[in-house]
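Student: Mind the numbering: the sequence shown is residues 178 to 405 in our numbering, read in order.
One structure, pasted below without further comment.
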Amino acid sequence: MAEYVITIDGPSASGKTSVSRDVANAFGWRWVSTGAFYRGLAVVALKEKIDFDDESALVRLANSPIWSVEMNPNETTVMYSGQRINPEIALDDTGMYASKISQYPLVRQALLPLQRACANKNHVLIAEGRDCGTVVFPNALIKIYLTASSDSRAQRRSIENTGSFEMVRTLQEERDRSDEERTHAPLQIPDGAQVIDSSTMNRDQVVDNAKRLIRQEFSRRKLDALIR
Ligand code: DC
178 MAEYVITIDG PSASGKTSVS RDVANAFGWR WVSTGAFYRG LAVVALKEKI DFDDESALVR
238 LANSPIWSVE MNPNETTVMY SGQRINPEIA LDDTGMYASK ISQYPLVRQA LLPLQRACAN
298 KNHVLIAEGR DCGTVVFPNA LIKIYLTASS DSRAQRRSIE NTGSFEMVRT LQEERDRSDE
358 ERTHAPLQIP DGAQVIDSST MNRDQVVDNA KRLIRQEFSR RKLDALIR
């Protein structure tokens, strides 16, 4: 069996994590959030008191066995010295630190083989992030770009995190800028991607949309047997 990967990329708070996870679980597939690699490395760097301006030290840490990432159906788990650190990787501040270290080409290069190793010939994988369809899995079977207006994304995030709408939107715009304007593997719509704008949809509608799109493509390629 060939390697079957579906990528879902998009800006922060576009809902790609929950949507990609729901679709993977509904179809009985594996799922990975590639942001967890950047978030995990950022948290571990803070704990290890690594200078965020020291790219070489961050690369050494990226390759260190002191931390690891595991795929699970409901979360991409980050382990550090035998402890699960997911509550910390989910924090908004961690997102900013992750975005900062994601600017470094050598850090990205170090994380790339770990992300690619999530694909495996015996399973379908849904990978979500910023550069999954462009860099990590350029030969993915289906590429989806999930987006929503800045206001609707900030609205959702401020309800989830109880921050003020203005504050959440300002931080989000800062992170969008940093992810879109970076030189290496910036956030962009991959060639051939199907774009879903979820500004006026709820989560179930987005999931249904993504599932429909994937079913159609699998049916066209006669791969229906891979859907649970
Ligand atoms: O999707 P997220 O919020 O968990 O991602 C956190 C940061 O990690 C994001 O702002 C940029 C970086 N990232 C990246 O550069 N490439 C990816 N494929 C995923 C995340």
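Where a beta carbon is used, it is the ideal one built from N, C-alpha and C, also for glycine.
Restricting to Cα atoms, I'd like to know which of Y257, R207, E343, T347 is closest to R181.
Tutor: One detail in the question is off: residue 181 reads as Tyr in this sequence, not Arg. Minimum Cα distance to Y181 is reached at R207.
Student: Going by CA-CA distance only, name the one from P264, L348, A304 that's closest to G217.
Tutor: G217 has its Cα closest to that of P264, out of P264, L348, A304.
Student: Three-state secondary structure (DSSP) at Q393?
Tutor: Helix, per DSSP.
Student: Between G369 and S355, what straight-line distance do the alpha-carbon atoms span, to the nearest angstrom?
Tutor: Distance between the alpha carbons of G369 and S355 is about 24 angstroms.
Student: Is it true that the CB of R330 sits closer than 9 angstroms to the CB of A190?
Tutor: Yes; because the gap between Cβ atoms is below 9 angstroms, this pair is in contact.
Student: Report the option in M248, M273, L348, Q280 whose CA atom is closest to the CA atom of E305.
Tutor: Nearest option by C-alpha distance: M248.
Student: For S327, report the span of its alpha helix (DSSP H) as first-last.
Tutor: Taken as a continuous stretch (DSSP letters only), the alpha helix (DSSP H) holding S327 covers 327-338.
Student: Under the rule that 16 or more other beta-carbon atoms within 10 Å means buried, what is P242, buried or exposed?
Tutor: Exposed is the call here.
Student: Pick from D231, G192, Q393, G205: whose alpha carbon is nearest that of I319?
Tutor: Here the closest residue by C-alpha is Q393.
Student: Does DSSP put Y322 in a helix, a strand or coil?
Tutor: The answer is strand: DSSP assigns Y322 an E or B state.
Student: Kindly indicate the opening and closing residues of the alpha helix (DSSP H) around E357.
Tutor: Where E357 is concerned, the enclosing alpha helix (DSSP H) stretches over 342-358.
Student: Quick one: using the 10 Å Cβ neighbour count with 16 as the cut-off for buried, is R261 buried or exposed?
Tutor: Label assigned to R261: exposed.
Student: Tell me, please, which residues DSSP counts as bridged to M248.
Tutor: According to DSSP, M248 bridges with T253.
Student: Taking only three categories from DSSP, how would you classify E180?
Tutor: Residue state, collapsed to three classes: coil.
Student: Assuming T184 and I321 are in contact, meaning their beta carbons sit under 8 angstroms apart, how far apart are those beta carbons, in whole angstroms?
Tutor: Right, the Cβ-Cβ distance comes to about 7 angstroms (below 8 angstroms), so this counts as a contact.
Student: Give a yes or no on contact between the segment 211-231 and the segment 343-354, applying the rule of three or more CB pairs nearer than 8 angstroms.
Tutor: They do not touch, by the three-pair rule.
Student: I need the straight-line Cα distance from H361 to K298, nearest angstrom please.
Tutor: Cα to Cα, H361 sits roughly 28 angstroms from K298.
Student: Output yes if chain C places a C-beta closer than 9 angstroms to the C-beta of A402; else output no.
Tutor: Chain labels in this structure do not include chain C; a single protein chain is all it has.
Student: Here's a check: name, in chain order, each residue in its chain whose Cβ is nearer than 7 angstroms to the Cβ of A414, leaving out the five neighbours to either side.
Tutor: Nothing about residue 414 can be reported from this structure: the residues present for the chain run from 178 to 405 only.
Student: Is the beta carbon of R293 sitting closer than 9 angstroms to the one on G187?
Tutor: Going by C-beta atoms, R293 is not nearer than 9 angstroms to G187.
Student: Compare the beta carbon distance of V255 and V209 with 9 angstroms and say whether it is the shorter of the two.
Tutor: Against a cut-off of 9 angstroms, the Cβ pair of V209 and V255 comes out as no contact.
Student: Alpha carbons only, please: which of Y257, W244, S279 is nearest the one belonging to E232?
Tutor: Among Y257, W244, S279, the Cα nearest to that of E232 belongs to S279.
Student: Quickly, what does DSSP pair A304 with across the bridge? List them, please.
Tutor: The partner list for A304 (beta bridge, DSSP) reads T184, V209.
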